[in-house]
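Asker: My questions all concern the structure below.
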Amino acid sequence: MAGERRVYGYRKIHDDLHEVGEACGRHRLARLMSIEGLRSQTGYRRRPRKYGGKPTVASPNLLKRQFDVVEPNKVWVTDIT
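Just so we're aligned: 26 in my numbering is position 46 of the sequence shown, and the numbers increase by one with no gaps anywhere.
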């Protein structure tokens, strides 16, 4: 069928019915769908990508690779890899 993997409304259902030889007008199909409370999906948008939004900001390098510390709890270091 022509309507695979699509959001269905009365137009696409009408086209599919017409393909298989069923006679039904678009307005009648829209009315019947309305009576039954059937509607197509509205407001469909793609989800934002993983890299969307604000650009990442690197924190300043305050240690300047001086990892030897004389007092405890003065420097905290982590590695995200």
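Quick reminder that beta carbons are idealized off the backbone N, C-alpha and C, glycines included. Note that the structure is a prediction, hence the values are computed from the model and not measured.
For I15, count neighbouring C-beta atoms within 10 Å of its own C-beta (all shown protein chains included) and say buried if the count is 16 or more, exposed if not.
Answerer: In the sequence shown, the residue the question calls residue 15 occupies position 35. Counting Cβ neighbours within 10 Å, I15 comes out exposed, since fewer than 16 surround it.
Asker: Nearest by alpha-carbon distance to L18: which of I(-7), N41 and D48 is it?
Answerer: The residue you call residue 18 lines up with position 38 of the sequence shown. Closest option to L18, Cα to Cα, is I(-7).
Asker: Here's a check: name, in chain order, each residue in its chain whose Cβ is nearer than 7 Å to the Cβ of L9, leaving out the five neighbours to either side.
Answerer: Against the sequence shown, residue 9 aligns to sequence position 29. Cβ within range, chain order: Y(-10), I(-7) and H(-6).
Asker: So the alpha helix (DSSP H) D(-5) belongs to, where does it begin and stop?
Answerer: Translated into positions along the sequence shown, residue -5 becomes position 15. Where D(-5) is concerned, the enclosing alpha helix (DSSP H) stretches over Y(-10) to E(-1).
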